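Numbering (the working numbering), first residue to last: 7 to 402.
Think of the CB as a built atom: it goes at the ideal place given N, C-alpha and C, for glycine as much as any other residue.
It should be emphasised that the depicted structure is a prediction, and the values quoted were computed from it without experimental measurement.
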């Protein structure tokens with residue numbers, strides 16, 4: 007394959023980058039596959055261009071970096087989604103313009119020029135025609151871009167002032183953080199709360215693995231991915247049941263890391279038997295089940311788009327008994343039913359490193375994932391957390 011970018015395209019891209027006033031680095035999973043995280047950071051810090059990381063690219067750029075806007079897409083945060091829409095230049099690196107990111111393609115980033123870097127020539131122009139197509143390995147191309155930018159800046163070219171753009175984005179970040187309605191005292195346990203507490207209690211560099219569904223979206227939203235290769239999921243394939251076996255593989259590959267598998271009760275039931283392998287082979291993964299007693303994402307769609315006409319989504323709250331199930335497979339089983347129990351359960355799970363641990367969080371069964379861009383709608387029609395809808399005008 008072609009790995010180095012065409013020199014003329016590299017130079018054109020560098021000029022566009024320096025001329026743009028509202029640029030965004032749109033980072034996809036190809037950056038991680040190319041091991042280009044360090045090169046990406048150098049490019050972002052040289053140009054001070056804000057970064058969004060797709061579901062497949064979480065961790066490619068640190069969430070705690072001031073230039074990071076987080077995740078765009080159907081369940082991305084409002085700032086990242088709107089930044090793509092309002093940009094005058096998208097520098098797409100190893101991204102495929104998936105419909106989960108673009109929403110309605112004809113309405114996506116209407117005023118943006120496109121630089122598209124991808125190793126696969128078939129990706130060029132497949133969804134959106136690029137102004138500067140560059141076929142090549144993301145790491146090599148980004149490194150070539152940095153050299154070209156430094157050469158231009160050392161000459162007569164000056165980068166356009168993007169500080170008003172960054173101020174606008176920072177205003178959105180302040181007004182539209184990820185949010186959920188907290189539990190009242192004695193109320194139902196919120197899945198987002200569980201993930202926040204798990205995130206805060208876990209060592210830096212913990213590997214998080216998810217299945218598919220609401221728990222996957224909450225995991226990608228509420229975890230802070232500050233290192234590459236700390237997020238493992240089957241985005242692009244939508245493989246329910248992925249989490250437990252993938253976590254076993256991650257722990258075997260990185261025995262020095264804490265590995266948490268986050269699953270829904272639907273996903274967990276598909277491959278839970280693999281915990282026998284983890285137990286017999288002494289692979290001490292940790293599993294958090296967000297048990298809402300239903301197929302949550304399907305239920306959410308049936309509520310939002312099908313007038314609550316439910317079909318094949320509801321499970322029993324107490325059957326199976328996940329604690330007994332875990333114990334039958336040689337694991338430690340822990341059940342959490344209230345917010346007050348969350349921290350101690352997580353601490354106990356993190357302290358056990360000689361066998362697998364399963365923590366069942368019995369969470370609010372009707373909780374929905376927000377923000378959301380409905381299928382077939384444009385990103386400008388993003389549905390915000392209900393408590394934020396009265397501030398929508400600030401996204402203009």
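Outcome for residue i when other beta-carbon atoms lying within 10 angstroms are tallied against a minimum of 16
{"i": "residue 156", "result": "exposed"}
{"i": "residue 269", "result": "buried"}
{"i": "residue 399", "result": "exposed"}
{"i": "residue 93", "result": "buried"}
{"i": "residue 397", "result": "exposed"}
{"i": "residue 46", "result": "buried"}
{"i": "residue 169", "result": "exposed"}
{"i": "residue 251", "result": "buried"}
{"i": "residue 197", "result": "buried"}
{"i": "residue 387", "result": "exposed"}
{"i": "residue 395", "result": "exposed"}
{"i": "residue 324", "result": "exposed"}
{"i": "residue 261", "result": "exposed"}
Range of the contiguous alpha helix (DSSP H) that encloses residue i
{"i": "residue 274", "result": "271-277"}
{"i": "residue 255", "result": "249-259"}
{"i": "residue 148", "result": "144-160"}
{"i": "residue 53", "result": "43-53"}
{"i": "residue 174", "result": "169-181"}
{"i": "residue 163", "result": "Here residue 163 belongs to no alpha helix (DSSP H), and DSSP marks it neither H nor E."}
Bounding residues of the beta strand (DSSP E) (the contiguous stretch that carries residue i)
{"i": "residue 312", "result": "Neither: residue 312 is in no beta strand (DSSP E) and is coded neither H nor E."}
{"i": "residue 59", "result": "57-59"}
{"i": "residue 352", "result": "Residue 352 -> not in any beta strand (DSSP E); alpha helix (DSSP H) instead, spanning 348-357."}
{"i": "residue 366", "result": "363-368"}
{"i": "residue 32", "result": "29-33"}
{"i": "residue 452", "result": "There is no way to answer for residue 452, as the model of the chain reaches only from 7 to 402."}
{"i": "residue 76", "result": "74-76"}
Cβ shell of residue i (< 6 Å), same chain only, five flanking positions each side left out
{"i": "residue 338", "result": "358 and 363"}
{"i": "residue 108", "result": "114"}
{"i": "residue 141", "result": "8 and 127"}
{"i": "residue 213", "result": "236, 256, 263 and 265"}
{"i": "residue 11", "result": "140, 142, 147 and 150"}
{"i": "residue 181", "result": "397 and 400"}
{"i": "residue 75", "result": "56, 58, 85, 86 and 89"}
{"i": "residue 384", "result": "109, 110 and 113"}
{"i": "residue 184", "result": "83 and 227"}
Residues sharing a beta bridge with residue i, DSSP
{"i": "residue 389", "result": "378"}
{"i": "residue 266", "result": "214 and 292"}
{"i": "residue 119", "result": "95"}
{"i": "residue 341", "result": "366"}
{"i": "residue 238", "result": "215"}
{"i": "residue 195", "result": "369"}
heavy atom of the ligand MG below 7 Å from residue i C-beta
{"i": "residue 197", "result": "Looking at this structure, you won't find the ligand MG or any other ligand, since it has none at all."}
Chain B contact for residue i (CB, 8 Å cutoff)
{"i": "residue 69", "result": "Protein chain content of the structure displayed is limited to a single chain, and chain B is not contained in it."}
Cβ shell of residue i (< 8 Å), same chain only, five flanking positions each side left out
{"i": "residue 328", "result": "271, 274, 295, 297, 339, 341, 364 and 366"}
Residues near residue i in its chain [Cβ-Cβ closer than 7 Å; skip 5 each side]
{"i": "residue 209", "result": "264"}
Inset, instruction - Specify whether the stretch 81-96 and the stretch 382-393 touch according to this definition: at least 3 beta carbon pairs, one from each stretch, less than 8 Å apart. - result: yes
Inset, instruction - Mind the definition here: the stretch 279-290 touches the stretch 338-357 only if three or more C-beta pairs lie below 8 Å; say whether that holds. - result: no
Inset, instruction - Determine contact between the stretch 148-164 and the stretch 35-51, defined as no fewer than three beta-carbon pairs at a distance below 8 Å. - result: yes
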